[in-house]
Amino acid sequence: MSQDPDEVGRLRIEAGGAVQGVGFRPFVHRLAVSEGLTGFVRNTAEGVALEIEGVAPALARFLARLEAELAPPAAMRARRVRRIAPTGQRDFSILPSRQERAPDQPRLPVVLPDLATCAACLAEIREPGNRRYRYPFTTCVQCGPRFSLIEDVPYDRARTTMRRFAMCAACQAEYDDPRSRRFHAETNACPRCGPQLRLWDAAGREIAAGDQALLGAAGALRDGVIVALKGLGGFQLLVDARNDLAVRRLRERKGRPTKPFALMVPDCEAAQALAEVDPLERQLLCSPAAPIVLLRAREGAIRFSPATGAHGMGGVPPSVVPSVAPLNPWLGIMLPYTPLHHLLMRELGAPVVATSGNRGGDPIVADETQALEQLAGLADLFLVHDRPIAHPVDDSVTRVIGGEPVVLRNARGYAPLVLSSNDESDASPTLTPNPNPTLALGGHGKSAVALAYAEQLVLGPYVGDLEGVRARTAFAGGIEAMRRLYRVRPQTVACDTHPDYHSTQVAEREASAVQYVPHHLAHVLAGMADNGLSAPLLGVAWDGSGYGGDGTVWGGEFILVKRDAYCRVAHLQPFRLPGGEAAVREPDRAALGALHAVFGDAMFDDASLAALPPIAALAPRERRVFAAMLARGAHAPWTSSAGRLFDAVAALLGLCARSSFDGEAAIALEAAATCAAGCYPLAAPVLREAARRIVADWRPTLAALVRARLNGVDAADLAAGFHQALAQLVVEVAARVGEPRVLLSGGCFQNALLSERAAAGLRAAGLAVWRHHRVPPNDGGLAAGQAAFARHPLMEEKT
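Numbering (full-length UniProt numbering), first residue to last: 1 to 799.
1) Helix or strand or just coil, what does DSSP make of residue 693?
2) Can you name, in chain order, every residue of its own chain whose Cβ lies under 6 Å from the Cβ of residue 129, other than the five neighbours on each side?
3) Kindly indicate which residue of 446, 237, 599 and 529 has the alpha-carbon position closest to the one of residue 411.
4) If we count the other Cβ atoms within 10 Å of its Cβ and call it buried at 16 or more, is residue 252 buried or exposed?
5) Could you work out which residue in 588, 155 and 712 is closest to residue 24 when comparing CA atoms only?
6) Between residue 729 and residue 698, which are expected to be in contact by the criterion C-beta below 8 Å, what is the C-beta distance as a whole number of angstroms?
7) When DSSP labels each residue in this structure, what does residue 127 get in the three-state scheme?
8) Is there a C-beta anywhere in chain C that falls below 9 Å from the one on residue 113?
9) Buried or exposed for residue 629, going by 16 or more other Cβ atoms inside 10 Å?
10) Which residue from 662, 202 and 90 puts its Cα closest to that of residue 748?
11) Once the 5 residues before and after residue 507 are set aside, which same chain residues still bring their CB inside 7 Å of it?
12) Using DSSP bridges, identify the partner residues of residue 38.
13) From the DSSP output, in three-state form, read off residue 410 for me.
14) According to DSSP, is residue 144 part of a helix, a strand, or is it coil?
15) From which residue to which residue does the alpha helix (DSSP H) around residue 763 run?
16) For the beta strand (DSSP E) containing residue 14, name the first residue and the last one.
17) Quick check: residue 231 and residue 338, are their CB atoms within less than 9 Å of each other?
18) Tell me the DSSP bridge mates of residue 330?
19) Could you give the DSSP three-state label for residue 661: helix, strand or coil?
20) Just to confirm before moving on: does the CB-CB distance between residue 362 and residue 468 stay below 9 Å?
21) Going by the CB atoms, is the gap between residue 742 and residue 540 shorter than 9 Å?
22) Using the three-state DSSP reduction, which class does residue 567 fall into: helix, strand or coil?
23) Apart from the five residues just before and just after residue 175, which ones in its own chain have a Cβ nearer than 8 Å to its Cβ?
24) Between residue 679 and residue 702, what straight-line distance do the alpha-carbon atoms span, to the nearest angstrom?
25) Kindly identify the DSSP beta-bridge partner or partners of residue 150.
26) Would the stretch 345-364 and the stretch 213-223 be scored as touching if the rule is three or more Cβ pairs under 8 Å?
27) Apply the 10 Å Cβ neighbour rule to residue 550 and answer buried if 16 or more other Cβ atoms are within range, or exposed otherwise.
28) Look up residue 561 in the DSSP assignment and give the residues it is bridged to.
29) With the cut-off set at 9 Å, would you say residue 706 and residue 572 are in Cβ contact?
30) Does the distance from the C-beta atom of residue 785 to that of residue 529 stay below 9 Å?
31) In three-state DSSP terms, what is residue 793?
32) Could you say which of 531, 593, 522 and 581 lies nearest to residue 558 if we only look at CA atoms?
33) What is the rounded straight-line gap between the Cα of residue 689 and the Cα of residue 556?
34) Whose C-beta lies closer than 6 Å to the C-beta of residue 80 among residues of the same chain, with five residues either side of it excluded?
35) If you draw a straight line from the C-alpha of residue 676 to the C-alpha of residue 718, how long is it?
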């Protein structure tokens, strides 16, 4: 820039990142005008382009303030500044958007996640006399739907589902006023011109409209009625969390016998009355993402009681019935995140169950007419609105582990998640820039889709398990959304190596080039991309199951990642799973397999072992069948799965014999360990070499646990001891491998106790340790790891 302060210059700035749908253009407009600059700003297919013209000091101040004064959720992740010739322009304006891409700088646009209601909008809907008083679709540039309603980029009203709502004169005046916080707010609306609320009966007949619809729904909830509410990204099923009969009715209708329900409470104080909330957990609850946060329930917060009146009425502390989260010390709690939720919760003043609006195995329902069909028999009433949802998106789930937030379900408020290269990118296989776009399709459970292009990686929202037709249709919609919103047609598709996964079959059917990525390597690469880590690194990938490629089911893996290669350097001692996949639903089977690994064929003849729950529950004929399966290996594949080992111990301790949802047994084991009075010391696993690979033999630990249990040691103390033994196993293997940097990945490390103890042990041993944060450690993050692999494929080194 010239040093002559009187010389007029003009700069062109191209900015990427979270710069659409966050008030960035109005911010630039106000900044330019305040500095006396002329020019323009507009949305593009990749972000925002602006030109500013004026004297050199004003241009310099503008650039400095652009960095310093930009407020969240807006964020620039890339900025390119060029000097161009002045034009003599006399004003500063916001121009219509352009959809073309810059050919010399390939970059993905940032599609912003949906944002929770801001304080200013909340104040308006609570202020009598305000024209938006009690209007359930109040938004501004700082809050409201983004991803759920965008149909194309750049982000303008004409390319969202709000295009069918023409603004009234008052709203248009706000939209055009640079002094208004609704200046170019694309979701701007009011009761006169915006979406409207309706209350329907189960047949779709209108009962009430507007505010009367909301009041009718609140009254129905007080009476124990199940209400299907069309929210930001789809339907939720609501019921009074203090009404045991109503909660049990919802469980029966949904076919969900024990899986905990999420709760919505009126405010953070209500959350603190039900659960222990530390400052970081409170920050998560109150963040613009407003996720479900897993919190430790307070003593007495879960108890049986009849439905009561409003929150705190008569000095009675708030509580929820045990059927909300059976035998579970944690509650999944979220705060209201739309004006509709705020208004409803203000009427109720008490916690409600707020679970996904779907049937088991189906994705969340987003259309009101489809909801009448798909939720028939589930909901009694439907609280709906006429703002279409372009992209269904479920509620996100988070948990604080080791003092750090971890996203367990990447959805509303977080998705689409953008990961960009950082300081380590030059040496990192996970963040290597690639000009050829690649689509990654994830796994079979907790599926999500990812896209890698140039220096960016985008992880789309959680879809769910790909068993049913509707889930597969939603999965196809997610793929098409990625292609359309990011304006790419990838020729390469990455997928899991499991040949029977629906996602693998889709890749093989639709792609001209397929990259097959080993399941557990994808877990590790996802964690590396999440943390911006380079190789070398030891990845500990523990989960329920993944395709091993050698005829066994993997799940307790230690993978050494190098610059251009990877190697399975260690794994847990394998054991047989009688019935194969049936063991996922029946932890007793995993227990029988684990016992057989310790005691051999004689286990069914041992009188002392017969007292263990998995054996005691068997009829004589069943014992003979399982004995034959295990002895011959018939329908009993080998597995190295840590998840199945946790299931086995849960069954042995009598905590869970049958699982009605994924991870139920492991959750029960963690819950018992967390509540233990002590930690019973168990024999340490033994490390041995086999085929030039370390095998972590847990059998001495299990043998000690069985003996202690038969001698009357408390199950909770043994659960704590087992967690400690497995955490120490991680430390010992890492020390033996000798790689000083360790990453914990896979669904087992959603277990806070295991994760925290393993991390503490690794650090005490002088090793650096990382965990997932933004990318889920479970299969919901697989697509991110697959996309990273497709950027920089790694060769397998055989041991």
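Don't be surprised by glycine CBs; every beta carbon is placed ideally from N, CA and C.
Put simply:
1) strand
2) none
3) 446
4) exposed
5) 155
6) 7 Å
7) coil
8) The structure shown contains no chain C, having only a single protein chain.
9) buried
10) 662
11) 441, 493, 495 and 514
12) 53
13) coil
14) strand
15) 752-764
16) 8-18
17) yes
18) 296
19) coil
20) yes
21) yes
22) strand
23) 167, 182, 183, 184, 185 and 188
24) 15 Å
25) 160
26) yes
27) exposed
28) 537 and 566
29) no
30) yes
31) coil
32) 522
33) 16 Å
34) 14
35) 8 Å
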